[in-house]
Structure formats: C-alpha cells, structure tokens
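Structure, as structure tokens:
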Amino acid sequence: MAIDVNNESGTEIDEQAILDVARYALARMRIHPLSELSVIVVDADAMEQLHLQWMDLPGPTDVMSFPMDELRPPSKDDEEPPQGLLGDIVLCPEVARRQAEEAPTAHTMDEELQLLTVHGVLHLLGYDHEEPDERAEMFGLQAAIIDGWRAERGIEGPSPAPTTR
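Counting in my numbering, the sequence shown runs from 1194 upward without gaps.
So this is what it looks like as structure tokens:
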C-alpha cells in the first residue's frame, strides 16, 4: 500500500500512527495492496478554504476526502479487489484538538486524527453518514476498525467516540 502523509500544518503530529491506521483500515476493508492514498495535514485557514470551495460551508472542518478512482471493497470474499488511486484525505489538527478536548471521552489530538483518518478512508470507499442507517453502518465500521487497530497495538482504554459531523 502506497500511503503518503504530508504535514503542511505547522503542528507536530504522530505521522507514523496516521500511516499505520490508514494502512490497517485499508487492509481491513480488503483494498488492493498496490492502491495509493495521500493524507495531507493542513492548518485551519487552508482547511477553511477547502471547506468553502468544495462544500460551500464556512469555517474549517476536521476532515475532507477527495476520491479519485472510486474504489470499493470487494463484495465477496473470493473477489479480487481492484487496484487504483484512492484519493486524498485532508486533516486539520487544530479542529481535531478542539474536538478531542470537547469529546465526552477524553482523548488526545493524535487519537482524534487517527479516528478522522479512518473516517476519511471510509468516505473514499463510498461510505457516508447523511441518513441514519448509513450513519450507523459507517460509524459502526469506523469503531470496529479503530478498536481492532488499537487492540493490535496493545492500546488500552476506550476508543474515541465519533466526533465528526
């Protein structure tokens, strides 16, 4: 899996954890191992510009996803996953820090960025949370991936609750 993490935010983050959780999520979703993903970390001003340009919404947001080849997980266990460019995930540590501080379960900015990375991966794979049934499916999958990744790394304690809109 080719995953690039480019931190343009000026904020120190755990880039290795973002890389690891993205790789884990893609493997768990059975995405072709030669597929490519880019994660870009930006400051609040850059995220606000993207949010306004692409969503016509003011203010910075936590995560945005820009799919390329619209890859989807295989629907059957024996189906060969397609290879391609997944797209870009854009993260904002300033918003992540605020969300982590305001969350009902205490966690760090880096834990929030890990959660947002998985959230972004799922959006690239076609998942959404506009409707209640979609939200339940996506957030359930997101929690399972984060919990599995944390367990594999020996991280104890509750996983961060979904804070993204």
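We put the beta carbon where it would ideally sit given N, CA and C, even for glycine.
Please check the pair Ser1156 and Gln1276, which I expect to be a contact at CB under 8 Å, by giving their CB distance rounded to whole angstroms. The structure shown does not extend to residue 1156, since the chain is modelled only from 1194 to 1358, so the question has no answer here.
Identified DSSP bridge partners for Ser1231: Secondary-structure assignment with DSSP links Ser1231 through a beta bridge to Asp1197, Asp1281.
Report all residues from its chain with a CB closer than 7 Å to the CB of Asn1200; omit the five preceding and five following residues, and keep chain order. Excluding residues up to 5 positions away in sequence, Ile1206, Glu1208, Val1234 lie with their Cβ nearer than 7 Å to the Cβ of Asn1200 in the same chain.
In three-state DSSP terms, what is Met1248? Helix, per DSSP.
Are Ile1282 and Gln1307 close, meaning C-beta to C-beta below 8 Å? No; because the gap between Cβ atoms is not below 8 Å, this pair is not in contact.
Can you give me the start and stop residues for the alpha helix (DSSP H) that Met1261 sits inside? Neither: Met1261 is in no alpha helix (DSSP H) and is coded neither H nor E.
Segment limits, alpha helix (DSSP H) that includes Thr1310: Where Thr1310 is concerned, the enclosing alpha helix (DSSP H) starts and stops at 1302–1317.
At what residues does the alpha helix (DSSP H) containing Asp1207 begin and finish? In the DSSP assignment, Asp1207 falls outside any alpha helix (DSSP H) and carries neither an H nor an E.
Given Thr1310, which residues of its chain have a CB within under 6 Å of its CB, disregarding the five upstream and five downstream residues? Excluding sequence positions up to five before and after Thr1310, its CB lies within less than 6 Å of the CB of Ile1211, Val1214, Ala1215, all in the same chain and listed in chain order.
Sequence-distant residues of its chain with Cβ nearer than 8 Å to Ala1195 (five each side left out): In its chain, beyond the 5 residues on either side, Leu1227, Ser1228, Glu1229, Leu1230 have a beta carbon closer than 8 Å to the beta carbon of Ala1195.
7 Å Cβ shell around Ser1352 - same chain, five flanking residues per side excluded: The answer, listed in chain order, is Ala1336, Ile1339, Asp1340, Arg1343.
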